[in-house]
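Asks: Below is the structure I would like to discuss, written out as structure tokens.
Protein chains: 2
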Amino acid sequence: VKLLSSEELETALRDIGARRYHRLHPFHGLLHGGKCTKGQVQAWALNRYYYQAMIPIKDASLIARCHDPAVRREWRSRLVDHDGEREGDGGIARWLKLTDSLGLERDYVTSLRGLLPGTRFAVDAYVHFVGEKTLLEAIASSLTEMFSPVIISERMTGMLANYDFVTRETLSYFDVRPPQARRDVDFALNYVKLNARTPERQQAVLGALEFKCDVLWAMLDALYHAYVAPKQVPPGAFVPEDH
Amino acid sequence: VKLLSSEELETALRDIGARRYHRLHPFHGLLHGGKCTKGQVQAWALNRYYYQAMIPIKDASLIARCHDPAVRREWRSRLVDHDGEREGDGGIARWLKLTDSLGLERDYVTSLRGLLPGTRFAVDAYVHFVGEKTLLEAIASSLTEMFSPVIISERMTGMLANYDFVTRETLSYFDVRPPQARRDVDFALNYVKLNARTPERQQAVLGALEFKCDVLWAMLDALYHAYVAPKQVPPGAFVPEDH
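As they're listed, the protein sequences go chains A and B. First residue of the first sequence: 727, per this note's numbering; consecutive thereafter. First residue of the second sequence: 727, per this note's numbering; consecutive thereafter.
Structure representation (structure tokens):
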């Protein structure tokens, strides 16, 4: 294993995205191509809610481990993005507008009663990873955001064109994410390039991004298994009306 | 929520098993009924290896949190069962005989390189649960062993009858498990009955067993998705020759 230049490290990170980011998962092909039933879109939004809800927990646990006020301040903007400045504001509230508009009861969504265990285990694995690995790996695991503007643009276009139950208002969460993601990525990618200056640390960074891609992928595997094929919903999880 | 008698609590626990234990999962129907390819049996054994390998970690973390020497001593027998008294002895070594005999390279199995992320996340969720919840919940989560003698007997009979690549020697892991499981269950069930004496603690015990059933179920969901239908292997995971 040799030391990579900053440019080589970024290329290696982008290569992981090109091979393993969940944009390539068959469920996203169905979702964005208008091939999902309303029940499948509901199941997607319901399960993804748990990911959204845990992001500030994950980010706060990263801040809690960081002894550099400059990094903590920078990372704090992610808490603001997701939790907002007041009730009804921020990414989680916007995600609940999406589940509202899909006809899901808000109490049911936030109770997590209908969540797939596979979703819970994957998201919790991410939260534990950020709390237990090195700060460098924790920061590197956020870098899937490098690849999110493309998938968000495909999602907005595809869902608006294909589903009569989806409106621009429904998707307001995604409207605000790309500039936030770009700002976050600028910081995290720069941090990783500056701090991964041994081959071992560079490999740890690449491993962290692969791990995070696995998390996002496993969430869609669980969704596909339960709601697309073979449509085997695990005991206790959400069953759409059109299942 | 009312207080249950010991007998009612045991009945409620057995009812969870009857509804949610992974004996009911379609993958086990295929495995035990001779409907799996050799590659699917390999994938099952490879993934289940990670569960086996993490069991002593889970049990040691439970012992590490327990301030009663009598309980620690009792629980220590589980470490002996899985790690053995010497190299080549114990449940993990016996599981590796199974993967050996299925033609999997031992280094590949133990490297975990081919593991499904869904397996990893489910097993890690179990380890975290035992390390983070109350001792009572940690002990209660082991109670899926109440239901294991039946599934092991079905598995031995079904696999020996249906697969020419499976021998009694291959399945030696399962030969020794039922008496160990019975001893473990006697202790854990008694502990739970004695220590869950409020409605809240009884509900926590029932929730712990449901959680553990979800872990085992999610492992088979991941396996089914990757290797049975729609046979979508996540990036980087094991691909059998006959896939």
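Don't be surprised by glycine CBs; every beta carbon is placed ideally from N, CA and C.
#1: Start and end of the alpha helix (DSSP H) containing T763 (chain B)?
#2: Need the endpoints of the alpha helix (DSSP H) that T845 (chain B) sits in, please.
#3: Comparing the C-beta of G844 (chain B) with each C-beta of chain A, is any distance below 8 Å?
#4: May I ask you to verify whether the segment 745 to 758 of chain B touches the segment 869 to 880 of chain B, counting CB pairs closer than 8 Å and requiring at least 3?
#5: Let me check understanding here. Comparing Cα to Cα, which of B:P966, B:Q906, B:A796 lies closest to Y868 (chain B)?
#6: Looking only at its own chain, which residues have a Cβ that is under 6 Å from the Cβ of Y777 (chain B), when we skip the five neighbours before and after it?
#7: Rounded to whole angstroms, what is the Cα-Cα separation between H854 (chain A) and R812 (chain B)?
#8: Throw me the rounded Cβ distance for the H951 (chain A) and Q958 (chain A) pair, which I believe falls under 8 Å.
#9: Tell me, please, whether the CB atom of D826 (chain A) is closer than 8 Å to any CB atom in chain B?
#10: Check this for me: beta carbons of V835 (chain B) and T845 (chain B), under 8 Å apart or not?
#11: Since A948 (chain B) meets chain A, which of its residues come closer than 9 Å, beta carbon to beta carbon?
#12: Please check if any C-beta of chain B sits within less than 8 Å of the C-beta of H758 (chain A).
#13: Quick one: list the residues of chain A neighbouring F847 (chain B), beta-carbon separation under 7 Å, in chain order.
#14: Give, in chain order, every unbroken run of the alpha helix (DSSP H) that is at least 4 residues long and sits entirely within the segment 873 to 905 of chain B.
#15: Apart from the five residues on each side of it in sequence, which residues of its chain come closer than 7 Å, Cβ to Cβ, to S837 (chain B)?
#16: Tell me whether the segment 928 to 935 of chain A and the segment 759 to 767 of chain A touch, counting them as touching only if at least three CB pairs, one residue from each stretch, are closer than 8 Å.
#17: Say whether chain E places a C-beta atom closer than 8 Å to the C-beta of P966 (chain B).
#18: List the residues of chain A whose Cβ lies closer than 8 Å to the Cβ of S955 (chain B), in chain order.
#19: Can a CB atom of chain A be found closer than 8 Å to the CB of H854 (chain B)?
#20: Since G765 (chain A) contacts P956 (chain A) with CB under 8 Å, what's their CB separation in whole angstroms?
#21: What residues in its chain sit with their C-beta under 6 Å from that of L946 (chain A), if we drop five residues either side in the sequence?
#22: Please go through the same chain and pick out, in chain order, the residues whose beta-carbon is closer than 7 Å to the beta-carbon of V892 (chain A), but skip the five residues on each side of it.
#23: Take L949 (chain A) as the anchor and find which of A:T737, A:E736, A:L756 has the nearest alpha-carbon.
#24: Quick check on this structure: which residue in A:D910, A:R799, A:M882, A:L915 has the alpha carbon closest to the alpha carbon of T900 (chain A)?
#25: Please name the residue in B:R820, B:R908, B:G814 whose C-alpha comes closest to that of S771 (chain B).
#26: Report the neighbours of R746 (chain A) on chain B: residues whose CB is nearer than 7 Å to its CB, in chain order.
#27: Using a cut-off of 9 Å between C-beta atoms, extract the partners of P752 (chain A) located in chain B.
#28: Runs of 4 residues minimum, wholly inside the segment 744 to 824 of chain A: which ones carry the alpha helix (DSSP H) assignment?
#29: Ignoring anything shorter than 4 residues, give me the alpha helix (DSSP H) runs that lie fully in the segment 900 to 957 of chain A, in order along the chain.
#30: With DSSP as the reference, label L862 (chain A) as helix, strand or coil.
#31: So, using beta-carbon positions, are K823 (chain B) and S879 (chain B) closer together than 8 Å?
#32: Check distances from the C-beta atoms of the segment 925 to 943 of chain B to those of chain A and list, in chain order, the residues that come in under 9 Å.
#33: Could you spell out where the alpha helix (DSSP H) holding D833 (chain A) opens and where it closes?
Replies: In this structure, then:
#1: For the purposes of this step, residue 763 (chain B) is taken as residue 37 along the second sequence, with counting starting at 1. Neither: T763 (chain B) is in no alpha helix (DSSP H) and is coded neither H nor E.
#2: Within the second sequence, the letter at position 119 stands for residue 845 (chain B). That run of the alpha helix (DSSP H) goes 843 to 858.
#3: In the second sequence, counting from the first residue as 1, residue 844 (chain B) sits at position 118. Taking Cβ atoms only, chain A reaches closer than 8 Å to G844 (chain B), which makes this a yes.
#4: yes
#5: For the purposes of this step, residue 868 (chain B) is identified with residue 142 of the second sequence, where counting begins at 1. Correcting the residue identity first, residue 868 (chain B) is Ser in this sequence and not Tyr. Residue B:Q906 is the option with its Cα nearest to S868 (chain B).
#6: Counted from its first residue, the second sequence places residue 777 (chain B) at position 51. Cβ neighbours of Y777 (chain B) beyond the five flanking positions: V849.
#7: Taking the first residue of the first sequence as position 1, residue 854 (chain A) is located at position 128. Taking the first residue of the second sequence as position 1, residue 812 (chain B) is located at position 86. Spanning the two alpha carbons is a distance of roughly 33 Å.
#8: Numbered from its first residue, the first sequence carries residue 951 (chain A) at position 225. Numbered from its first residue, the first sequence carries residue 958 (chain A) at position 232. Correct: roughly 6 Å between the Cβ atoms.
#9: Reading the first sequence from its first residue, position 100 is the one you call residue 826 (chain A). Not one chain B Cβ lies under 8 Å of D826 (chain A).
#10: The residue you call residue 835 (chain B) lines up with position 109 of the second sequence. The residue you call residue 845 (chain B) lines up with position 119 of the second sequence. No, these two residues do not count as a Cβ contact at 8 Å.
#11: Position 222 of the second sequence holds residue 948 (chain B). The contacting residues are G844, A944, D947, A948, H951.
#12: In the first sequence, residue 758 (chain A) corresponds to position 32, counting from 1. Closer than 8 Å: no.
#13: By one-based count along the second sequence, residue 847 (chain B) stands at place 121. The answer, in chain order, is F847, A848, A851, A944.
#14: 874 to 888
#15: Counting from 1 along the second sequence, the entry for residue 837 (chain B) is found at position 111. Nothing meets the Cβ criterion.
#16: no
#17: Of the protein chains in the structure, A and B, none is chain E.
#18: Translated into the one-based positions of the second sequence, residue 955 (chain B) becomes position 229. Reading off the sequence, residue 955 (chain B) comes out as Ala, not Ser. By Cβ distance, chain A contributes A955, P956.
#19: The sequence position of residue 854 (chain B) within the second sequence is 128, counting from 1. Answer yes: the Cβ-Cβ gap between H854 (chain B) and chain A drops below 8 Å somewhere.
#20: Looking up residue 765 (chain A) in the first sequence gives position 39. Looking up residue 956 (chain A) in the first sequence gives position 230. 16 Å between Cβ atoms; not a contact.
#21: Translated into positions along the first sequence, residue 946 (chain A) becomes position 220. Only H748, H751, F753 meet the Cβ criterion.
#22: Within the first sequence, numbered from 1, the residue matching residue 892 (chain A) stands at position 166. For V892 (chain A), where only same-chain residues beyond five positions count, the Cβ hits under 7 Å are M885, L886.
#23: Looking up residue 949 (chain A) in the first sequence gives position 223. Among A:T737, A:E736, A:L756, the Cα nearest to that of L949 (chain A) belongs to A:L756.
#24: Walking along the first sequence from the start, residue 900 (chain A) turns up at place 174. The sequence as given places Phe at residue 900 (chain A); Thr does not occur at that position. Ranking A:D910, A:R799, A:M882, A:L915 by Cα distance to F900 (chain A) puts A:M882 first.
#25: For the purposes of this step, residue 771 (chain B) is identified with residue 45 of the second sequence, where counting begins at 1. The sequence given here places Ala at residue 771 (chain B); Ser does not occur at that position. For A771 (chain B), the nearest C-alpha among the options comes from B:R820.
#26: Numbered from its first residue, the first sequence carries residue 746 (chain A) at position 20. Going along chain B in sequence order, the residues near R746 (chain A) (Cβ under 7 Å) are P961.
#27: Numbered from 1 along the first sequence, position 26 holds the residue referred to as residue 752 (chain A). Within 9 Å Cβ-Cβ: P956, Q958.
#28: 752 to 758, 764 to 790, 795 to 809
#29: 925 to 953
#30: The residue you call residue 862 (chain A) lines up with position 136 of the first sequence. Helix.
#31: Working through the second sequence from its first residue, we reach residue 823 (chain B) at position 97. Working through the second sequence from its first residue, we reach residue 879 (chain B) at position 153. No; because the gap between Cβ atoms is not below 8 Å, this pair is not in contact.
#32: E936, F937, C939, D940, V941, W943
#33: Within the first sequence, numbered from 1, the residue matching residue 833 (chain A) stands at position 107. Unbroken alpha helix (DSSP H) run through D833 (chain A): 832 to 837.
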